[in-house]
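Report on the following structure.
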Amino acid sequence: MVAETMKVLDRICDVNSHPVTDKDVCRTLIVKSLKNNGEVNMIIERPIEPDAITAMENALNASKMQEPSVALAPDVKSILRRYNEKLKHGHGQMQPRKALADPNKGYANAPRVNIDEGETKSKICLIIGSDTTKSQQAQLIVSHNIYIHKIV
1 MVAETMKVLD RICDVNSHPV TDKDVCRTLI VKSLKNNGEV NMIIERPIEP
51 DAITAMENAL NASKMQEPSV ALAPDVKSIL RRYNEKLKHG HGQMQPRKAL
101 ADPNKGYANA PRVNIDEGET KSKICLIIGS DTTKSQQAQL IVSHNIYIHK
151 IV
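For the sequence shown, full-length UniProt numbering assigns the number 1 to the initial residue and increments by one for each residue that follows.
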């Protein structure tokens, strides 16, 4: 029955909407589906053009030359499975923060630095950069209330 649908050089990409990562996962998904439902749905990649067939044959020959990968120990697999579940439930995710603020509005939680120059100077001004136009200078003047924005 399978010989009619599957051919040499076919690659199973997906079994019952689960992506296939290696042959053990593929085998497990197929057997489980056949035992439970009596059928299995697969997405199969099949080379048709001569260039694709050559590329697939080269990939298979290269994989035959490689040493087999070492399987992970069962305790390592269980640790990885638990950690992936934690990640799915939001473990380690940071709350979003505003990275940029409107320069015309004060940032409510920003620490403020007050510079007191005494009675002789009422205001300290600093021109930032080398902007020469009056409109740019007016936007860049910093008065005695300096807002520090911390971007993390």
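For each residue, glycine too, the CB sits at the ideal point set by N, CA and C.
At the level of alpha carbons, what is the spacing between I11 and M42? Taking the sequence shown and counting its residues from 1, the one referred to as residue 11 is at position 11. Taking the sequence shown and counting its residues from 1, the one referred to as residue 42 is at position 42. Here residue 11 turns out to be Arg, not Ile, going by the sequence shown. The straight-line gap from Cα to Cα measures roughly 10 Å.
Suppose only complete runs of 4+ residues qualify. What are the alpha helix (DSSP H) ranges in the region 7-94, listed by chain order? 23-37, 50-65 and 74-88
Can you tell me which of the three DSSP states I127 falls into? Looking up residue 127 in the sequence shown gives position 127. For I127, the pLDDT reaches just 46, beneath the cut-off of 50, and the residue's location in the model is therefore unreliable, although a value from the coordinates is still provided. It is coil, neither helix nor strand.
For C26, count the other beta carbons within 10 Å of its own beta carbon; 16 or more makes it buried, fewer makes it exposed. Which is it? Locating residue 26 in the sequence shown gives position 26, counting from the first residue. With 16 or more Cβ atoms within 10 Å of its Cβ, C26 is classed as buried.
Please report the straight-line C-alpha distance between S17 and K64, rounded to a whole angstrom. Taking the first residue of the sequence shown as 1, we reach residue 17 at position 17. Taking the first residue of the sequence shown as 1, we reach residue 64 at position 64. If you draw a straight line from the Cα of S17 to the Cα of K64, it comes to about 28 Å.
How many whole angstroms separate the CB atoms of P47 and L9, which I take to be in contact at a CB cut-off of 8 Å? Position 47 of the sequence shown, counted from the first residue, corresponds to residue 47. Position 9 of the sequence shown, counted from the first residue, corresponds to residue 9. Confirmed, about 6 Å.
Tell me whether V15 is buried or exposed, calling it buried when 16 or more other Cβ atoms sit within 10 Å of its Cβ. Position 15 of the sequence shown, counted from the start, is the residue given in the question as residue 15. In summary, V15 is buried, with 16 or more beta-carbon neighbours lying within 10 Å of its beta-carbon over all protein chains present.
On the criterion of 16 or more Cβ atoms from any shown chain inside 10 Å, does I124 qualify as buried, or is it exposed? Here residue 124 refers to the residue found at position 124 when the sequence shown is read from its first residue. Note that I124 scores a pLDDT of 49, beneath 50, so its modelled location is shaky; the value from the coordinates is reported in the next line. The residue is exposed, with fewer than 16 neighbouring Cβ atoms inside 10 Å.
Option in Q95, M56, K88 and I44 with minimal Cα separation from P19: Counting from 1 along the sequence shown, the entry for residue 19 is found at position 19. Considering only alpha carbons, the answer is I44.
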